[in-house]
Amino acid sequence: MLSSAIIVFREVIEAGIIIGIVLAVTRGVHWRVPMVLAGLAIGVAGSLVVATFAGGISAALAGAGQEIFNSLLLGTAVCMLIWHNVWMASHGRELACEMRQLGSEVVTGKRSLWALAIVIAIAVLREGSEVVLFMYGIAVSETASAAELLAGGLTGFALGASLSALTYWGLVTIPARYLFSVTGWLITFLAAGMAAQAVTYLAQAGIVTALGDIVWDTSAILPDSVLLGRILHALLGYVDQPTGLQLVAYLGTVAVMVGLSHLIARPQQPKRLVAGA
Amino acid sequence: MTQFRRGLRSAGLMTTYSAVLAVSLLVLSLVSQPALAQETVEISISNHRFQPAEVKVPAGKPLVLIVKNLDASAEEFESKVLKIEKVIAGKSEARINVRPLTPGRYKFYGEFHEATAQGVLIVE
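Top to bottom, those sequences are chains X and H.
So the first sequence is numbered by this note's numbering: it starts at 6 and just counts up by one.
So the second sequence is numbered by this note's numbering: it starts at 135 and just counts up by one.
Structure representation (structure tokens):
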């Protein structure tokens, strides 16, 4: 039971943290809970489908199906996160203003809610399909009873959910003034980490072979297999043995996101001047 | 003033375009040309153990690992040093590309059954 709880927890860490961040980013937005739940539901349904066809996906595209599928999913999530940050760069100031003026947390803007829902769906799908395969494997082959398996799985999920809650409560204690810049950076690192993982899959598929050597090794100081390492991996994209390719993808994504946000951020309130005239 | 700003913005957009272009070119240049002669190695998994658990391969050649999972349960074939992470459904096999390696020992394991599924690639 304990081992299945640990494995399930390990698999849901990333999705858990992402859900926590999304809930914090969208605090006060109407429809955020249904959107997050929709993302979650699509992810769960998707992971059942993916797990069912795991063999087929793996064998597709000359055996590189799983890698290409994963890198496409991660690539899509990265695009959604970039889009979210760009959206926030162009509307964030108004939003922060609105929040202060109304003196409440209710913001009617739709924001990039759907983009974030897609990110949740992808994170849940990617990790959920592994959980399904793992649990199914135990169910068919091992002596562990169904009750034990269920208990282990549920414990793992509960731990994952508490990580979501922890992330959320940690973030919402940040004053509204700083919240958007903190979450903006978090989302930038999240996207960069995903991009670095996406290129690893491309390398594994044999599509990208350059810069495959490991640049540094901090596994003796902080292995990314322990809890703290895994959390930092999910939050910031921490990898204890990054390849050159991963570094290029990571830094490239950060540069693109920071660059775009700076360019798109509107010049200070031209609208208000017009309104006042 | 407004025009000045607009000018600034379009200059900014140009920079973005060239940045995007540069990144795409970089990505294209990283995409590989036809692979060199490959070495193929077969490993099977049964009772959550690798068979063979130690595999000797030559250095400097790209490898293809064919991992056959003979168990009914899924396994996640993983290696941190080799940068591999691949789920292999029960009763199925996976093909994994490995970059050319320098001599040394490279550990791999099955994440779903880490206690028993341990193996090492010995590159000479």
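Each residue gets a CB set at the ideal place from its N, CA and C atoms; glycine is no exception.
Using beta carbons (cut-off 8 Å, strictly below), is residue i in contact with chain X?
i	result
Gly194/H	no
Ser180/H	no
Phe242/H	no
Ala228/H	yes
Arg183/H	no
Lys217/H	yes
Lys202/H	no
Lys220/H	yes
Ser207/H	yes
Lys190/H	no
Gly238/H	no
Glu176/H	no
Ala223/H	yes
Glu210/H	yes
How far does the alpha helix (DSSP H) with residue i in it reach, from first residue to last?
i	result
Ser63/X	Ala59 to Ala64
Glu153/X	Ala151 to Val177
Ile200/H	Note, Ile200/H: premise wrong, no alpha helix (DSSP H); beta strand (DSSP E) at Leu197 to Asn203.
Arg183/H	Not the alpha helix (DSSP H): Arg183/H falls in the beta strand (DSSP E), residues Arg183 to Gln185.
Val220/X	No alpha helix (DSSP H) contains Val220/X, which DSSP labels as neither H nor E.
Ala228/H	Segment Ser226 to Val232 is the beta strand (DSSP E) holding Ala228/H; no alpha helix (DSSP H) there.
Glu19/X	Leu7 to Val30
Leu207/X	Ala181 to Gln209
Please report whether the beta-carbon of residue i lies at a distance below 8 Å from any beta-carbon of chain H.
i	result
Glu135/X	yes
Thr214/X	yes
Phe139/X	yes
Thr160/X	no
Val145/X	yes
Thr223/X	no
Gly44/X	no
Gly142/X	yes
Gly51/X	no
Thr248/X	yes
Gly21/X	no
Gly48/X	no
Gly217/X	yes
Leu278/X	Note that Leu278/X scores 46 on pLDDT, short of 50, meaning its location in the model is unreliable and no value can be drawn from it.
For residue i, tell me which candidate among the options has the shortest Cα-Cα distance.
i	options	result
Leu118/X	Thr258/X, Thr31/X, Asp222/X and Ala254/X	Thr31/X
Thr236/H	Lys220/H, Leu204/H and Leu255/H	Leu255/H
Thr57/X	Leu79/X, Ile11/X, Leu130/X and Gly44/X	Leu130/X
Met40/X	Ala120/X, Leu233/X and Thr248/X	Ala120/X
Gly142/X	Val198/H, Lys241/H, Asn203/H and Pro196/H	Asn203/H
Gln244/H	Glu173/H, Lys195/H, Gly224/H and Pro192/H	Checking the sequence, you will find Gly at residue 244/H rather than Gln. Comparing Cα positions, the closest option is Gly224/H.
His182/H	Ala193/H, Leu199/H and Asp205/H	Asp205/H
Phe14/X	Ile73/X, Ala82/X, Ser95/X and Met140/X	Met140/X
Gln251/X	Cys84/X, Trp221/X, Met262/X and Ile127/X	Trp221/X
Val27/X	Leu7/X, Phe185/X, His96/X and Glu132/X	Phe185/X
Leu197/H	Gln172/H, Arg229/H and Ala251/H	Gln172/H
Ser63/X	Lys241/H, His247/H and Ile222/H	Ile222/H
Gly253/H	Glu188/H, Ala228/H and Ile218/H	Glu188/H
Val124/X	Phe162/X, Cys84/X, His35/X and Leu138/X	Cys84/X
Within the continuous beta strand (DSSP E) that includes residue i, where are the two ends?
i	result
Val189/H	Glu188 to Val191
Gly242/X	Here Gly242/X belongs to no beta strand (DSSP E), and DSSP marks it neither H nor E.
Glu258/H	Per DSSP, Glu258/H belongs to no beta strand (DSSP E) and is neither H nor E.
Ser213/H	Glu209 to Ser213
Gly238/H	Gly238 to Gly244
Ser117/X	Note, Ser117/X: premise wrong, no beta strand (DSSP E); not H, not E.
Ala254/X	Note, Ala254/X: premise wrong, no beta strand (DSSP E); alpha helix (DSSP H) at Gly249 to Ile269.
Thr174/H	Glu173 to Ser180
Val221/H	Ile218 to Ile222
So, do the segment 201-221 of chain X and the segment 181-192 of chain X have three or more beta carbon pairs nearer to each other than 8 Å? No: fewer than three Cβ pairs fall under 8 Å.
Residues of the segment 70-87 of chain X in Cβ contact with chain H at a cutoff of 8 Å, in chain order, please. Residues of the segment 70-87 of chain X that bring their beta carbon within less than 8 Å of a beta carbon in chain H comprise Gln71 and Glu72, in sequence order.
Taking three-plus beta-carbon pairs below 8 Å as touching, is the segment 149-162 of chain X in contact with the segment 77-84 of chain X? Three or more Cβ pairs closer than 8 Å define a contact, and the segment 149-162 of chain X falls short of that threshold against the segment 77-84 of chain X.
Closer than 7 Å, Cβ to Cβ, to anything on chain H: give me those residues from the segment 170-191 of chain X, in chain order. For the segment 170-191 of chain X, which is checked against every Cβ of chain H, not one residue is closer than 7 Å.
Contacting positions in the segment 54-70 of chain X - beta carbon closer than 7 Å to chain H: The residues in question are Ala59, Gly60, Ser63 and Gly68.
Under 7 Å, CB to CB, which of the residues in the segment 193-211 of chain X have a partner in chain H? Near chain H, meaning a CB-to-CB distance below 7 Å, the residues of the segment 193-211 of chain X are Thr205, Ala208, Gln209, Ala210 and Gly211.
Give, in chain order, every residue of the segment 243-257 of chain H whose Cβ lies closer than 7 Å to some Cβ of chain X. So the close ones are Phe246.
Against chain H: residues of the segment 7-18 of chain X by CB proximity under 7 Å: Flagged, chain order: Ile12.
Using 8 Å as the threshold, is the segment 41-60 of chain X in touch with the segment 172-183 of chain X, meaning 3 or more CB pairs across them? Flag = no, the segment 41-60 of chain X and the segment 172-183 of chain X do not touch.
Is there contact between the segment 61-70 of chain X and the segment 239-251 of chain X, where contact requires at least three CB pairs shorter than 8 Å? Flag = no, the segment 61-70 of chain X and the segment 239-251 of chain X do not touch.
When the Cβ atoms of the segment 132-139 of chain X are set against those of the segment 16-23 of chain X, are three or more pairs found closer than 8 Å? With the cut-off at 8 Å, the segment 132-139 of chain X and the segment 16-23 of chain X touch.
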